[in-house]
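Report on the following structure.
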Amino acid sequence: MKYKVNPLMYAASNNFKNTIRFALEFNDEINSESLFYAVQMVQKRYPYFSVKMEKEGEDLILTENSLPFVISDGNKAVCLNSPESNYHILAFARQGNVISVDISHNVCDGNGIAPLVKTLCYYYIQHRYGAEEIKTDTINLVSDPVQEDEYLYPFPDSPLPEQEGFNYAPEIRDPFIFTDDYFAPDGSYAYNLLVNQKEMMKYAKPNDGSPVSFVCAMLYKTMMKLFPKTEKEIVFHIPHEYRKALGRPLSHDSLARVFDIKLSPKEKDYPLEMLNTMLRGQVILGSDVSGDIKAINGMVQLGGYLNTMPLEMKKQTMQAVVAPSIAAGKHTFGVSYTGNIDWCGMGKYIRNVHAYAGENKRSPGIGIEIFTIGDYFSLCMMQPGKNPEFVNELIRTFKEAGIDCVLTGEEHFTLSDFALV
Numbered sequence: 000m001k002y003k004v005n006p007l008m009y010a011a012s013n014n015f016k017n018t019i020r021f022a023l024e025f026n027d028e029i030n031s032e033s034l035f036y037a038v039q040m041v042q043k044r045y046p047y048f049s050v051k052m053e054k055e056g057e058d059l060i061l062t063e064n065s066l067p068f069v070i071s072d073g074n075k076a077v078c079l080n081s082p083e084s085n086y087h088i089l090a091f092a093r094q095g096n097v098i099s100v101d102i103s104h105n106v107c108d109g110n111g112i113a114p115l116v117k118t119l120c121y122y123y124i125q126h127r128y129g130a131e132e133i134k135t136d137t138i139n140l141v142s143d144p145v146q147e148d149e150y151l152y153p154f155p156d157s158p159l160p161e162q163e164g165f166n167y168a169p170e171i172r173d174p175f176i177f178t179d180d181y182f183a184p185d186g187s188y189a190y191n192l193l194v195n196q197k198e199m200m201k202y203a204k205p206n207d208g209s210p211v212s213f214v215c216a217m218l219y220k221t222m223m224k225l226f227p228k229t230e231k232e233i234v235f236h237i238p239h240e241y242r243k244a245l246g247r248p249l250s251h252d253s254l255a256r257v258f259d260i261k262l263s264p265k266e267k268d269y270p271l272e273m274l275n276t277m278l279r280g281q282v283i284l285g286s287d288v289s290g291d292i293k294a295i296n297g298m299v300q301l302g303g304y305l306n307t308m309p310l311e312m313k314k315q316t317m318q319a320v321v322a323p324s325i326a327a328g329k330h331t332f333g334v335s336y337t338g339n340i341d342w343c344g345m346g347k348y349i350r351n352v353h354a355y356a357g358e359n360k361r362s363p364g365i366g367i368e369i370f371t372i373g374d375y376f377s378l379c380m381m382q383p384g385k386n387p388e389f390v391n392e393l394i395r396t397f398k399e400a401g402i403d404c405v406l407t408g409e410e411h412f413t414l415s416d417f418a419l420v
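Residue numbers (numbering that gives the first Met the number 0): 0 to 420.
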């Protein structure tokens, strides 16, 4: 079977591989036999991920790949779409008590890969522990039929009806940007945190907060403590998925847009509750359905243009389209929240979940990926290089608000390369 690629795939270049890693930290050492079994089950259940990329005329397409998925030892991130990965666009790795899933962000986003991750966890836990208490209602099993909406090209042929809305787009005048010398020149570095979910939301909910707005408020408070004399805006880059507006809730594709929210140093003496409310209001405005429809119709129009172009022009066009969103110097933080994943009783076997995004090393900003696991929010804070100053002050900011926050690990990380076609 052949699958049409998301237009984002044409944007892949030597400067924009855009790969992501989803890492699952279990309580126990990873069992190789159980992991091999679980990966086999994943390959059976998700034929649209068991693919390789090829040229067909002036198009890129995904075609069936019957070779087995690669499982690397030592948590090695193999080059996707190459012999290292058996030409798959998806690969797995293991080390100690961690299983990692590597894939191109141009193929799927966090919500797109989450069902596969749940399937992987289910079959691994079932094989390793024989756990019968896991609820499978929201887990895709091998016995479940694959729904067309999971893999069909998600964008319609014609634009959706426009909707009135806020069209929120704040003017970003002078954002605070971390200087290169704030971080050690030693490559991408991550700090992993666990934040007590009940304590944080008990504080946030009365002020109409969300995980994104509250984490942004804590980041802002930390900035004002570390850089009290700055006169620059603190800008947050927020991804927002639009599956609901598109009418494709099951789609695995990368279906997200980004918007900015901000605070200025003038608000540094405001109480945390007020900062949270201000940011939450901006999140509501920025995630309005009118913005979703605008983004969807932009992709529809762009797809129409691409259909008329030779392959090299398609690549040049999409690289120009994504260039502004990945350019350095546009925001202070990127903050992404995949949502409250239902782990269906598997959370007791999983200690932590981390998501590592691909392009943070190209920007002087700090990236935060938020997930839920058990009673905690898992925060993966990524920097262009090592410097513990900010994360240590952020932990103090949480604790000053009466919210338990602990550093569970830190590491240099490397993400998969992607062989271009």
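Every residue gets a Cβ at the ideal spot worked out from N, C-alpha and C, and that includes glycine.
Source: prediction; values computed, not measured.
Let me know if residue i comes out buried or exposed under the rule of 16 or more other beta-carbons within 10 Å of its beta-carbon.
{"i": "V100", "result": "buried"}
{"i": "A168", "result": "exposed"}
{"i": "Y304", "result": "exposed"}
{"i": "F165", "result": "exposed"}
{"i": "S31", "result": "exposed"}
{"i": "I402", "result": "buried"}
{"i": "E232", "result": "buried"}
{"i": "Q425", "result": "Because the chain here runs from 0 to 420, residue 425 falls outside it and cannot be looked at."}
{"i": "V172", "result": "According to the sequence provided, residue 172 is Arg. The question's Val does not apply to it. R172 should be labelled exposed."}
{"i": "G297", "result": "exposed"}
{"i": "H427", "result": "Examination of residue 427 is not possible in this model, given that the chain is present from 0 through 420 alone."}
{"i": "M273", "result": "exposed"}
{"i": "D287", "result": "buried"}
{"i": "K360", "result": "For K360, the predicted model reports a pLDDT of 46, less than 50, meaning its position is unreliable; a value from the coordinates is still stated below. K360 should be labelled buried."}
Tell me whether the beta-carbon of residue i lies closer than 9 Å to the beta-carbon of residue j.
{"i": "V429", "j": "F25", "result": "Residue 429 cannot be examined here, being either before or after the span of the chain that is shown, 0 to 420."}
{"i": "E230", "j": "P184", "result": "no"}
{"i": "L249", "j": "Q318", "result": "no"}
{"i": "N195", "j": "N105", "result": "no"}
{"i": "I367", "j": "I349", "result": "no"}
{"i": "H236", "j": "V334", "result": "yes"}
{"i": "V320", "j": "A22", "result": "no"}
{"i": "N188", "j": "E392", "result": "First, the residue type needs correcting, since residue 188 is Tyr and not Asn in the sequence shown. No."}
{"i": "C107", "j": "H330", "result": "no"}
{"i": "L115", "j": "V41", "result": "yes"}
{"i": "Y2", "j": "L61", "result": "yes"}
{"i": "V234", "j": "F389", "result": "no"}
{"i": "Y219", "j": "E266", "result": "yes"}
{"i": "S103", "j": "N80", "result": "yes"}
{"i": "P309", "j": "E57", "result": "yes"}
{"i": "A400", "j": "Y190", "result": "no"}
{"i": "L245", "j": "I260", "result": "no"}
Which of helix, strand or coil does DSSP assign to residue i?
{"i": "Q382", "result": "strand"}
{"i": "F177", "result": "coil"}
{"i": "V83", "result": "The identity of residue 83 in the sequence shown is Glu, whereas the question assumes Val. Three-state result, E83: helix."}
{"i": "V352", "result": "strand"}
{"i": "F427", "result": "Lying before the first or after the last residue shown, residue 427 is absent from the chain, which here runs from 0 to 420."}
{"i": "M312", "result": "helix"}
{"i": "K261", "result": "strand"}
{"i": "T221", "result": "helix"}
{"i": "R44", "result": "helix"}
{"i": "K51", "result": "strand"}
{"i": "I292", "result": "helix"}
{"i": "K360", "result": "For K360, the pLDDT reaches just 46, beneath the cut-off of 50, and the residue's location in the model is therefore unreliable, although a value from the coordinates is still provided. It is helical."}
{"i": "Y190", "result": "strand"}
{"i": "D148", "result": "helix"}
{"i": "V211", "result": "helix"}
{"i": "S12", "result": "strand"}
{"i": "G333", "result": "strand"}
{"i": "A418", "result": "coil"}
{"i": "A216", "result": "helix"}
Where do the ends of the beta strand (DSSP E) carrying residue i lie?
{"i": "P238", "result": "I233 to E240"}
{"i": "E63", "result": "D58 to E63"}
{"i": "L406", "result": "C404 to H411"}
{"i": "R3", "result": "Residue identity check: residue 3 is Lys in the sequence provided, not Arg. Where K3 is concerned, the enclosing beta strand (DSSP E) stretches over K1 to K3."}
{"i": "D374", "result": "Neither: D374 is in no beta strand (DSSP E) and is coded neither H nor E."}
{"i": "S157", "result": "Premise fails: S157 is in no beta strand (DSSP E) and is neither H nor E."}
{"i": "E24", "result": "T18 to F25"}
{"i": "V97", "result": "V97 to S103"}
{"i": "D72", "result": "I70 to D72"}
{"i": "A90", "result": "L89 to Q94"}
Report the option in the options whose CA atom is closest to the CA atom of residue i.
{"i": "T276", "options": "I102, R395 and F213", "result": "F213"}
{"i": "T118", "options": "D72, S415, K43 and M217", "result": "K43"}
{"i": "Y152", "options": "M380, P6, R20 and E388", "result": "P6"}
{"i": "V38", "options": "K3, R93, D416 and A10", "result": "R93"}
{"i": "T197", "options": "S187, S209, G297 and S286", "result": "The sequence shown places Lys at residue 197, not Thr. Comparing Cα positions, the closest option is S209."}
{"i": "L34", "options": "E266, D72 and S12", "result": "D72"}
{"i": "M345", "options": "M52, I133 and H126", "result": "I133"}
{"i": "I451", "options": "P155, G186 and A418", "result": "As shown, the chain starts at 0 and ends at 420. That puts residue 451 outside it, with no answer to give."}
Where do the ends of the alpha helix (DSSP H) carrying residue i lie?
{"i": "C78", "result": "Run containing C78: none; DSSP gives neither H nor E here."}
{"i": "C120", "result": "G109 to Y128"}
{"i": "M273", "result": "L271 to G285"}
{"i": "Y202", "result": "Q196 to A203"}
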